[in-house]
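Asker:
Numbering (our numbering), first residue to last: 167 to 441.
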């Protein structure tokens, strides 16, 4: 790959402005999981359109998305309405459509992360704890998943996820009995940034795998918080749930970068898996 050729992820989230509030996109087939296109990837597509639309506020800070229907690979468009674009923050709504079908409606806050951090004078107070993972060489990689698993989850070929051996669900590991999933993560041909973190926040298998409930778990709502620009290198990702009730469950996600810093968080509400 030449130095000027964009990474696969950047090609797949690319958008093209078609009028003063609409951006065309092509949803790539490589990001399918189960019955639809991955929700985190779709959020990154929307976020890329918002970045183009709000040039003075380049970084996503908060995105809250409601998933109306499952997206499919192919043409799509993002329709944006700006609510505020001045001072240190911009707020906008964005909808992802495919033909006559609304796929996602999103509310977003954007800013300049570097500018926000400069104004904070470096003050930090973090009581969250960085997850403890086995060394990379002791984990098992998603790249070794059986072909039948990759057919159901094509996006496994878009990145590398290395998990503790007892969580290697693709290779037949027994359920742990806990609604927790952790792993080392990296996109295969690029370093992490705020846009890619949005996909990572929805990249791991549903925590319900640990409770003997495998399958596609459709997301109803996903809210993401981007806290910092991540340092280069592998990310540590952890998902956990405390409540499975009424046919739904929540997942709380944290992403820690190679510098040991909490860079992103998310909570989503999803339906129990469909086989």
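We put the CB at the ideal spot given by N, CA and C, even for glycine.
In the DSSP output, which residue or residues are listed as bridge partners for residue 478?
Answerer: The question about residue 478 has no answer, for the chain in this structure spans 167 to 441.
Asker: With DSSP run on the structure shown, which of helix, strand or coil describes residue 405?
Answerer: The answer is strand: DSSP assigns residue 405 an E or B state.
Asker: Would you say the beta carbon of residue 430 comes nearer than 8 Å to a heavy atom of the ligand HEM?
Answerer: The model on display carries no ligand, and the ligand HEM is accordingly not part of it.
Asker: Tell me residue 307's beta-bridge partners as DSSP assigns them.
Answerer: Paired residues: 328.
Asker: Please determine, among 309, 328, 330, the residue with the shortest C-alpha to C-alpha distance to residue 320.
Answerer: Ranking 309, 328, 330 by Cα distance to residue 320 puts 309 first.
Asker: Would you mind giving the Cβ-Cβ distance between residue 213 and residue 370, rounded to the nearest angstrom? I have them listed as a contact below 8 Å.
Answerer: Contact flag wrong, Cβ pair sits at about 19 Å.
Asker: Could you tell me the alpha carbon to alpha carbon distance between residue 429 and residue 307, rounded to whole angstroms?
Answerer: In a straight line, the C-alpha of residue 429 is about 23 Å away from that of residue 307.
Asker: Using the C-alpha atoms, what's the distance from residue 270 back to residue 235?
Answerer: Rounded to whole angstroms, residue 235 to residue 270 spans 7 Å at the Cα level.
Asker: According to the Cβ coordinates, are residue 299 and residue 336 closer than 9 Å?
Answerer: Cβ distance not < 9 Å, so residue 299 and residue 336 don't count as in contact.
Asker: Can the beta-carbon of residue 262 be found less than 9 Å from the beta-carbon of residue 276?
Answerer: Their beta carbons are not under 9 Å apart, which means residue 262 does not touch residue 276 by this criterion.
Asker: Tell me the rounded alpha-carbon separation between residue 294 and residue 265.
Answerer: Rounded to whole angstroms, residue 294 to residue 265 spans 43 Å at the Cα level.
Asker: Out of 251, 375, 366, 338, which has the shortest C-alpha to C-alpha gap to residue 325?
Answerer: The candidate whose alpha carbon is nearest that of residue 325 is 366.
Asker: For residue 197, name the three-state secondary structure that DSSP assigns.
Answerer: Note: residue 197 maps to helix in three-state DSSP.
Asker: Flag this pair as yes or no: are the beta carbons of residue 438 and residue 410 separated by less than 9 Å?
Answerer: In this structure, residue 410 lies closer than 9 Å to residue 438 by Cβ.
Asker: Could you pull the DSSP bridge partners for residue 388 from this structure?
Answerer: For residue 388, which the question treats as bridged, DSSP gives the partners 231, 434.
Asker: For the alpha helix (DSSP H) containing residue 181, name the first residue and the last one.
Answerer: Counting along the chain, residue 181 falls outside any alpha helix (DSSP H), though it belongs to the beta strand (DSSP E) covering 181-183.
Asker: Grab me the residues of residue 434's own chain with a C-beta within less than 6 Å of its C-beta, minus the 5 sequence neighbours each way, in chain order.
Answerer: Here the set comprises 385, 388, 417.
Asker: In chain order, what are the residue ranges of uninterrupted alpha helix (DSSP H) at least 4 long that sit wholly in the stretch 213-259?
Answerer: DSSP runs (the alpha helix (DSSP H)) wholly in the stretch 213-259: none.
Asker: On a CA-only basis, which of 280, 279, 215, 405 is nearest residue 185? Give me that one, please.
Answerer: Measuring from the Cα of residue 185, the nearest candidate turns out to be 215.
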